[in-house]
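Residue numbers (our numbering): 257 to 465. A virtual CB, placed ideally from N, CA and C, is assigned to each residue, including glycine. The block underneath contains the structure these notes are about, expressed in structure tokens.
This is the structure in structure tokens:
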């Protein structure tokens with residue numbers, strides 16, 4: 257009786273319709289990895305989530321393998337300190353982004369232990385992109401912020417190293433679409449009917465022939 261039961265259960269299992277899951281391919285992660293300026297403030301990014309994002313630094317390449325970048329996580333109440341000193345949406349100053357109630361509440365401040373250089377900037381770009389791709393993979397999003405008051409942020413967060421970049425992290429609350437364009441077109445992002453559009457030069461014009 258027990259043997260027949262187990263055989264039937266195994267047969268039922270083998271004949272179940274397969275469930276197709278969307279694979280997190282690099283192309284899908286790249287398309288979802290947009291510069292989000294509005295977030296769902298009811299969702300709180302957890303410390304373990306930020307830790308997972310920062311952990312990518314142990315997996316990525318580093319110019320000359322110097323590994324000079326350091327990261328300062330910022331959550332919850334400390335977020336207000338960062339918000340006071342960053343600027344978002346420089347191409348849309350009339351909108352005063354982020355809109356009230358959609359501000360990011362988690363950040364990773366990336367610093368360097370040595371003076372900024374070409375090689376430090378290479379590492380910075382690799383790390384920032386890797387953090388954001390990891391964020392997308394776990395259902396979050398973010399934006400790299402270079403427009404901030406370096407001295408004020410260093411002072412208020414008691415940073416012992418020079419801050420180079422602020423990465424905001426959260427659950428996005430806006431829709432962004434890519435728009436194919438040509439090299440001579442206006443490349444400024446814009447908004448229409450609550451959709452954020454980002455022009456991207458088509459690949460044929462990016463290839464040197």
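request  = Along the alpha helix (DSSP H) that carries residue 384, what are the first and last residues, could you check?
outcome  = Residue 384 -> alpha helix (DSSP H) spans 374 to 393.
inquiry  = Under DSSP, the alpha helix (DSSP H) around residue 338 begins and ends at which residues?
reply    = 335 to 339
task = Spell out a yes or no on whether the stretch 311 to 331 and the stretch 357 to 376 are touching, meaning 3 or more CB-CB pairs, one atom from each, closer than 8 Å.
result = yes
ask   = Quick one: Cα of residue 362 to Cα of residue 437, how far?
value = Going by the C-alpha atoms only, they are around 33 Å apart.
inquiry  = Whole angstroms are fine: how far does the CA of residue 314 sit from the CA of residue 447?
reply    = 37 Å
ask   = Should residue 368 be labelled buried (16 or more other beta-carbon atoms within 10 Å of its own) or exposed?
value = buried
inquiry  = With the cut-off set at 8 Å, would you say residue 366 and residue 398 are in Cβ contact?
reply    = No, the pair does not count as a contact, with Cβ atoms beyond the cut-off.
query = Does the separation of the CB atoms of residue 435 and residue 454 fall below 8 Å?
reply = Yes; because the gap between Cβ atoms is below 8 Å, this pair is in contact.
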